[in-house]
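Residue numbers (numbering that gives the first Met the number 0), protein chains in the order written: chain A, 0 to 503; chain B, 0 to 503; chain C, 0 to 503; chain D, 0 to 503. Even for Gly, the Cβ is constructed at its ideal location relative to N, Cα and C. Below: the structure, in structure tokens.
Protein chains: 4
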Amino acid sequence: MASTSTLASTALVSYDELKKHNHAADCWILVHSKVWNVSSFLDEHPGGSAIILRYAGGDATSAYDEVHAPSILEQTLEKGQLIGVIDVTTMPAKPAFGAAELSVAEDSGLSNPISKPRQRSKPPLHSMIAVHDFEDVARDVYSEKTYAFYSSAATDLISHRDNQESFRKVMLRPRVLRNVRNVSIRRSILGCESSVPFFVSPTAMARLAHSDGELAIARGCGSQGIILTVSSNASYPLSDIVEAGLPKQPFFLQLYVNSDRQKTTQLLRKARDLGVQAVFVTVDAPIPGKREADERLAAGNLSSPVSGAVAVNDKKGGGLGRVMAQYIDSTLCWKDLPWIREASGGLPIVLKGIQTAADARAAADHGVEGILLSNHGGRSLDTTQPALLTLLEIHRQCPEILDQLEIYVDGGIRRGTDILKALALGATAVGIGRPYLYSLAYGQEGVEHLTEILSDELESAMKLVGITDVDQAHPGLVNTARLEPLIRTGETHPWIRWRSRSKL
Amino acid sequence: MASTSTLASTALVSYDELKKHNHAADCWILVHSKVWNVSSFLDEHPGGSAIILRYAGGDATSAYDEVHAPSILEQTLEKGQLIGVIDVTTMPAKPAFGAAELSVAEDSGLSNPISKPRQRSKPPLHSMIAVHDFEDVARDVYSEKTYAFYSSAATDLISHRDNQESFRKVMLRPRVLRNVRNVSIRRSILGCESSVPFFVSPTAMARLAHSDGELAIARGCGSQGIILTVSSNASYPLSDIVEAGLPKQPFFLQLYVNSDRQKTTQLLRKARDLGVQAVFVTVDAPIPGKREADERLAAGNLSSPVSGAVAVNDKKGGGLGRVMAQYIDSTLCWKDLPWIREASGGLPIVLKGIQTAADARAAADHGVEGILLSNHGGRSLDTTQPALLTLLEIHRQCPEILDQLEIYVDGGIRRGTDILKALALGATAVGIGRPYLYSLAYGQEGVEHLTEILSDELESAMKLVGITDVDQAHPGLVNTARLEPLIRTGETHPWIRWRSRSKL
Amino acid sequence: MASTSTLASTALVSYDELKKHNHAADCWILVHSKVWNVSSFLDEHPGGSAIILRYAGGDATSAYDEVHAPSILEQTLEKGQLIGVIDVTTMPAKPAFGAAELSVAEDSGLSNPISKPRQRSKPPLHSMIAVHDFEDVARDVYSEKTYAFYSSAATDLISHRDNQESFRKVMLRPRVLRNVRNVSIRRSILGCESSVPFFVSPTAMARLAHSDGELAIARGCGSQGIILTVSSNASYPLSDIVEAGLPKQPFFLQLYVNSDRQKTTQLLRKARDLGVQAVFVTVDAPIPGKREADERLAAGNLSSPVSGAVAVNDKKGGGLGRVMAQYIDSTLCWKDLPWIREASGGLPIVLKGIQTAADARAAADHGVEGILLSNHGGRSLDTTQPALLTLLEIHRQCPEILDQLEIYVDGGIRRGTDILKALALGATAVGIGRPYLYSLAYGQEGVEHLTEILSDELESAMKLVGITDVDQAHPGLVNTARLEPLIRTGETHPWIRWRSRSKL
Amino acid sequence: MASTSTLASTALVSYDELKKHNHAADCWILVHSKVWNVSSFLDEHPGGSAIILRYAGGDATSAYDEVHAPSILEQTLEKGQLIGVIDVTTMPAKPAFGAAELSVAEDSGLSNPISKPRQRSKPPLHSMIAVHDFEDVARDVYSEKTYAFYSSAATDLISHRDNQESFRKVMLRPRVLRNVRNVSIRRSILGCESSVPFFVSPTAMARLAHSDGELAIARGCGSQGIILTVSSNASYPLSDIVEAGLPKQPFFLQLYVNSDRQKTTQLLRKARDLGVQAVFVTVDAPIPGKREADERLAAGNLSSPVSGAVAVNDKKGGGLGRVMAQYIDSTLCWKDLPWIREASGGLPIVLKGIQTAADARAAADHGVEGILLSNHGGRSLDTTQPALLTLLEIHRQCPEILDQLEIYVDGGIRRGTDILKALALGATAVGIGRPYLYSLAYGQEGVEHLTEILSDELESAMKLVGITDVDQAHPGLVNTARLEPLIRTGETHPWIRWRSRSKL
């Protein structure tokens with residue numbers, strides 16, 4: 000593997016020389032200070048050769064930086080492919096303003112919606128006082144494509160809206176005149192200590208929001224003592240993300256099982272070796288959801304160094320979400336769980352995306368350590384039940400499983416009161432997804448500030464309902480009357496006898 | 000019957016000669032390249048003489064094309080009425096732009112809202128990714144009158160809105176960790192193979208949207224393997240429509256029984272001879288609904304070659320829908336069903352517009368092969384129950400009929416998830432109406448693309464709820480709690496003892 | 000009493016002469032062609048002397064016409080007070096446009112919001128195809144004050160909105176395949192034949208909308224065969240209104256009992272003498288409601304020749320509704336009903352404004368012939384139950400009274416389907432109020448056209464639900480599930496034991 | 000203590016002399032006509048020294064007046080600190096317009112959002128006919144910060160909105176034909192006679208709205224015969240407020256218990272000495288709520304002479320509400336109630352902020368005289384139950400306590416009908432908060448006019464439902480069906496067995 004320290008004897012390459020090697024058969028590109036011969040790599044590039052050839056004989060730095068972590072290139076190419084270092088004195092002058100972000104469009108003459116931010120200024124971080132503030136900022140400062148990819152949800156956004164509404168519909172029932180001076184919100188999640196009863200839900204491609212991407216999230220989580228669930232479609236390698244954290248900082252890994260199961264085995268081994276503490280197997284997305292806001296903008300060229308997922312432009316259009324999901328194995332079944340556990344070296348397994356009490360019970364029967372009640376933030380299938388409703392359904396149908404595994408909830412949680420409501424109904428912790436992507440507008444500091452806001456709101460809510468420890472949260476603190484008429488009380492339909500043509 | 004091949008010896012007519020024959024007693028008109036003497040036909044024209052006289056001694060081509068299929072004229076007029084072919088070198092210059100669509104207004108000096116499209120450009124077909132996209136396009140590119148006729152619904156649009164809402168209110172309950180790689184959405188409908196569990200619901204006057212009208216729909220259905228239910232008020236003759244399809248392509252015929260029952264008998268015989276597979280007898284519209292958006296625009300002169308229905312301007316105004324419905328027999332009763340079956344030569348009969356469990360049971364008792372639960376897309380009587388509610392009512396009151404006939408549902412279905420919900424509750428198939436009229440903005444390709452969108456959404460929804468064949472759909476997949484409080488559990492009112500003055 | 004035929008010998012008065020008598024002690028005014036000495040009448044004028052003195056020595060015609068019927072003046076003044084007829088050749092020129100309506104403001108220099116219409120043009124009557132259309136026109140063409148007086152409702156308009164919503168929430172359940180060619184909507188109301196099952200609910204001061212006011216309504220009702228309930232606060236004398244109708248045309252009289260009971264006795268006797276068929280005693284407005292839209296505009300000077308109610312400007316402002324209600328007897332009790340019946344010579348009595356099943360039962364116990372379930376169009380007390388809910392409450396609590404008296408419903412009825420729903424639940428007829436005031440924008444023709452719209456909509460709705468006579472309407476035709484959770488099942492609260500401090 | 004009468008011999012100080020003493024070590028300030036040496040006071044100033052130093056050597060009158068009552072300064076400083084009176088002939092000219100309000104910004108060059116009113120004109124008082132009118136005026140004429148502080152509520156404003164909605168959802172059920180000429184709305188509250196069944200709920204810092212602040216409210220309450228509950232965070236000393244009232248005018252004191260309990264003891268003793276009639280102990284705000292509209296504007300420097308609470312700018316921002324709450328004792332428990340009663344010399348105790356039937360029962364068990372059901376106007380914790388729902392919960396769970404203590408309700412009451420509904424459900428009286436702060440735009444007259452509006456609306460509502468005394472209000476007058484599904488019927492959750500990890 001080439002490293003900068005070995006380059007002493009490497010030739011200095013002039014910009015004019017670089018420009019000569021500008022076609023597939025003889026293709027040099029400049030990435031940061033190094034010039035590489037990528038002719039033989041063109042066919043292997045997961046994102047296709049076209050995107051590389053666009054920069055043949057030129058500077059590919061900005062385009063590379065947008066979608067790849069710095070270390071990927073040197074890990075991928077052979078040492079022999081390194082031509083030398085550029086003679087910077089021969090480089091043409093760059094525009095003074097926003098070069099990094101604008102260069103793709105300028106160099107190529109193409110408009111790349113991913114790299115075009117809508118505006119540059121954002122309010123100072125200390126003026127962010129609520130989770131919604133971060134979303135407002137993200138809408139303003141992220142590129143249209145990035146915001147669409149992060150914020151979009153399936154088809155008519157009904158589940159997306161219902162998720163938030165389900166929390167708002169639960170009323171709190173404060174008890175008064177308790178000593179609430181000191182309050183603790185610490186909680187153990189799968190045996191890992193967390194300073195708060197929430198964690199970062201897995202979200203893909205954080206680098207679209209900030210050049211440090213998941214590294215910034217990992218660092219922010221470390222300083223705040225919270226746990227990051229790394230996405231299979233993260234934009235940095237898992238090892239980089241874990242190494243960005245503090246020593247012994249706990250991480251979870253979200254897993255999309257690859258149709259090429261060998262790759263999944265490798266990923267799980269690497270996760271175990273890196274000290275990852277649990278595997279969250281996504282079970283609610285055997286295929287990608289139809290996120291129309293995302294699909295209406297053409298996908299760029301992106302890849303994930305974790306899963307190897309690649310987003311390329313296809314002729315049909317197709318959003319980032321859809322193209323990145325193409326490697327996912329839609330045959331994954333309950334009987335595959337032992338293999339996952341074995342491949343991970345016995346890590347705790349959490350099923351992410353459980354949406355019925357029946358499947359929650361099945362999860363318990365299969366011995367997993369936890370379930371994340373989730374409809375994928377409304378991104379997978381529209382009009383599915385909100386997770387909070389599934390939690391109530393579990394209370395109705397199989398409350399015994401609350402003693403058998405840990406239950407988490409995500410989707411639509413935006414307030415400390417939302418967290419408290421989930422805890423009061425028996426959740427061990429909740430996941431926060433999109434808000435962390437939005438907080439990345441401020442990098443690591445945004446991640447930390449968002450965590451502080453939620454922690455502060457949760458502490459306040461606890462004091463105001465009269466409890467001083469998350470363990471004291473109990474159902475008497477919530478009035479769920481508005482949701483109760485919607486709860487299914489059994490696995491079969493309560494009064495419809497007809498089932499299906501196949502008597503399934 | 001005159002045909003083009005017999006015209007060799009026909010005189011060439013100059014435009015100046017044509018212009019001389021410009022009054023009722025001596026009335027020539029030009030339609031496409033032929034000049035006809037229509038003096039003796041004026042009184043027989045179903046649309047009245049006034050509209051023809053407007054073009055006496057002139058070119059009636061555009062006006063004719065708007066409302067008539069090409070073959071009608073030669074089928075209707077006698078060979079002796081053909082004067083000759085126009086000498087095109089004598090014709091005045093035409094405006095370069097949009098002549099066909101604008102000519103009525105230009106020639107007559109009158110504004111004809113039917114022929115005035117609102118704008119000409121439309122987005123490329125591949126950018127249509129949802130059913131709603133087609134409606135947006137139709138609103139933009141169809142003439143105001145056409146859009147009003149297609150989109151309008153009865154009075155306050157409450158049922159129209161409730162139809163869509165009823166589907167949105169049902170929540171899906173996905174089951175996870177099933178192998179869903181391969182999925183089949185094929186279904187047999189009344190014994191006909193269909194590539195999908197939906198069909199094209201009957202809609203009138205498709206020619207207003209596209210010059211190929213129902214022909215384009217028939218061709219699109221053929222290439223996609225889906226079934227078209229031809230409207231009694233189609234703008235092309237039934238034979239043309241059937242012939243536009245592929246060999247053995249199945250068609251259904253929607254039937255409004257004519258007050259002149261002889262005409263209905265003729266139509267049914269023709270349908271049988273053409274190989275139509277079933278008759279959908281409309282039972283929810285003995286009179287037309289009050290569609291105010293439609294009525295606020297004066298009706299033009301239209302006729303249907305299927306039913307012979309004619310829309311003429313009356314002094315009261317009256318929308319297209321109202322005037323076209325004037326021939327419908329409002330005395331049609333249950334006892335007439337045997338006559339319909341006999342007249343059709345024993346074709347399967349489906350009652351379209353069943354809105355109560357009581358009538359569903361009556362339909363089963365009368366031995367029909369199917370019922371289409373429908374409130375006519377909200378176009379007939381406002382504030383009627385959505386079809387999905389009637390389906391639930393059947394489960395409550397007479398579930399046994401699900402084994403006796405096929406049940407279809409239409410009204411408000413816009414998503415693959417909507418289709419899945421109807422199937423999960425026992426529907427054999429669903430009907431899609433207005434969206435196909437909107438898709439005609441793109442002709443046959445639009446019909447095909449719309450079908451692909453719905454098929455794709457349905458397949459995705461099935462995979463995401465964990466089933467691989469439409470036969471596996473079952474009530475456990477849906478949470479209908481939001482609709483259940485609205486279901487009537489018996490034919491009589493649950494607690495009101497008073498019935499009526501007549502003790503009906 | 001002076002009449003035109005006796006004026007032959009009366010002096011001709013010049014405009015200059017008139018102008019000299021311009022103060023309280025010597026006050027002549029011109030009304031139409033006659034000059035009156037009103038010096039001795041100033042103190043008796045129910046509207047106060049100030050308004051008359053504004054026209055002392057001048058032409059009071061326009062101001063008079065706005066608020067008084069033509070016949071009032073000659074009925075009120077003595078013959079000796081007639082000075083003569085004006086010499087029209089001595090009159091100053093009038094403005095050509097809109098003199099009648101603008102003259103108050105012009106003469107007095109004051110802005111009178113009652114007489115300032117917002118715009119003059121209105122769409123042709125035949126373009127009115129729904130009840131809502133008339134409201135839209137009224138909003139445009141009536142003066143701001145008139146529209147506020149007619150359209151306003153109590154405080155936050157919640158009952159006003161709930162009234163309409165209550166009908167929309169009821170779903171219809173059409174039965175199909177019935178012979179519905181011929182339909183009858185005739186109904187007997189309190190023994191009077193009516194061509195429709197609805198009547199004109201009493202509304203005050205129709206003259207604000209049209210110079211013919213209640214006369215135009217009476218004529219329109221006559222030609223359409225429907226019944227007008229004349230308001231105690233009508234702007235024409237009861238005799239004029241009755242005489243405007245056809246011979247034997249039935250009328251009802253709405254009654255506000257006057258604190259001066261003698262006046263009520265006189266009114267009832269006059270009603271009986273005029274052949275009025277029933278008395279609707281208003282029981283839901285012992286004091287006026289707070290109609291803020293009305294109160295925000297200063298009241299003008301109006302009086303009703305039926306009740307003698309007078310609206311004068313007071314210093315607090317106060318809307319038309321409030322000031323006109325000042326004579327109403329707030330001590331009226333159940334025990335006063337026999338007196339009313341006796342005073343009316345035994346006319347049928349209907350209690351207007353019953354809002355609970357308990358009072359409905361009390362009404363039946365007191366032997367009245369009918370009750371009008373009503374919350375006064377939401378004008379009296381906000382957040383009261385809609386009438387339709389009270390009708391359902393009667394079904395729950397005391398269905399036996401449906402056999403003991405006739406029940407009517409009003410408030411929020413805007414569609415034929417609304418009428419059908421009330422009939423299906425046992426109402427004998429419904430009342431239509433504000434829409435008739437709005438239809439007066441077109442005078443008598445508007446009244447007739449509105450009646451035709453509602454009749455036509457009702458007939459259509461009946462055909463589409465499968466009935467051919469209003470007597471066939473029955474509860475099975477409606478799904479009231481959305482209202483049922485709101486019905487009180489007993490006179491006392493179902494589970495609250497505490498009643499009041501006074502153990503009332 | 001210095002008083003004006005002792006100033007005869009004091010030196011006259013020129014403005015030039017004053018300007019020389021402009022730093023911390025030698026700091027003079029001018030307040031009204033007197034010049035003080037505040038060097039030694041700088042460190043003691045509860046609002047910090049910075050704000051004083053801004054005016055060192057200058058005129059601090061306007062800044063002082065905004066946040067302090069006139070008497071505070073002379074009570075606080077020693078006589079020896081008085082330098083003399085200013086020689087007004089040496090003062091620079093002042094701007095003619097709005098000097099008092101604008102001077103802070105002008106003198107300091109800083110923008111102080113508290114002192115910048117948005118506009119100056121307001122409609123005449125007599126045009127205010129509804130409570131909402133006052134809110135509209137306040138939004139227009141109060142400074143942005145003041146309006147934010149008064150109007151804001153916790154986080155997403157859900158409880159704030161639900162409070163009002165809860166009243167609107169209750170329907171009234173008028174009984175008719177009762178003699179309602181004379182009506183009494185007097186009520187005894189904790190043994191104090193009140194002309195109405197409502198009182199002024201405690202609200203902080205009335206001086207932001209009007210220079211007379213709580214004094215104006217006290218005077219208005221006196222003239223109207225209603226009771227003011229003085230806030231712990233009032234902007235005038237309790238003694239000033241009480242003395243502003245009439246002799247024997249009853250007052251209640253709202254109490255935030257201070258972490259320094261000694262201060263609370265002193266305050267309660269003073270209250271008792273001043274003749275305060277009851278203590279309302281706030282129990283729903285051990286910490287301040289998160290009122291984001293308030294927090295988004297930087298807090299100014301304010302202090303309350305009642306509690307001693309001080310609002311200073313901290314670096315985090317933080318709204319007025321948050322900073323003023325910092326002294327509140329979050330350890331306050333049920334066992335502290337005897338101490339409060341003793342410290343107050345046995346005054347009646349009301350717990351303000353009870354939100355569950357369980358705590359209502361506990362309050363009764365602890366022998367308090369009353370409870371104020373309240374969620375702090377939605378300002379404390381968002382998504383808490385509205386008070387009206389808690390009142391219904393009490394009827395379900397512990398109706399016996401209605402005989403043991405008085406129950407009040409506040410939050411969202413804006414209409415006379417709202418008051419009537421609370422009384423019908425057993426409330427002794429209701430509290431009105433924000434509206435009185437808004438009425439202060441018109442000073443004492445506004446307070447009186449607001450009271451008249453509510454009294455008038457309540458009287459009207461009573462007449463229209465058929466009662467003549469507030470004691471006659473009973474549950475049969477209200478239809479609470481829309482709220483009933485939300486009522487919790489027991490202290491524990493009806494069907495959830497899981498409680499909490501700690502088995503609390």
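Using only the alpha-carbon positions, how far apart do residue i and residue j sit?
i	j	result
GLN80 of chain D	TRP35 of chain D	6 Å
TYR441 of chain A	VAL130 of chain A	13 Å
GLN253 of chain A	ILE82 of chain A	38 Å
Excluding the 5 residues flanking residue i on each side, which residues of the same chain have their C-beta closer than 7 Å to its C-beta?
i	result
CYS191 of chain A	ILE226, PRO249, GLN276
Rank the options by C-alpha distance to the C-alpha of residue i and give the top, closest one.
i	options	result
VAL305 of chain D	D:SER151, D:ILE216, D:LYS262, D:HIS473	D:LYS262
ALA153 of chain D	D:ASP283, D:ILE188, D:GLY369, D:LYS33	D:ASP283
GLY47 of chain C	C:ALA308, C:SER343, C:GLU490	C:ALA308
TYR149 of chain A	A:PHE251, A:HIS375, A:LEU72	A:HIS375
Beta carbon of residue i, beta carbon of residue j: below 7 Å?
i	j	result
ALA203 of chain A	GLU213 of chain A	no
TYR407 of chain C	LEU436 of chain C	no
For residue i, which residues of its own chain have a beta-carbon under 8 Å away from its beta-carbon, when the five flanking residues on both sides are left out?
i	result
GLY224 of chain D	GLU192, SER193, SER194, VAL195
GLU447 of chain A	GLY219, SER222, GLN223
So that I know if they touch, is there some Cβ in chain F lying closer than 7 Å to that of residue i?
i	result
HIS492 of chain D	As a matter of chain content, chain F is missing from the structure shown, whose protein chains are A, B, C and D.
Spatial neighbours of residue i within its chain, please: C-beta separation below 6 Å, excluding the five flanking residues on both sides.
i	result
ALA217 of chain A	LEU227, ILE240, ALA243, GLY244
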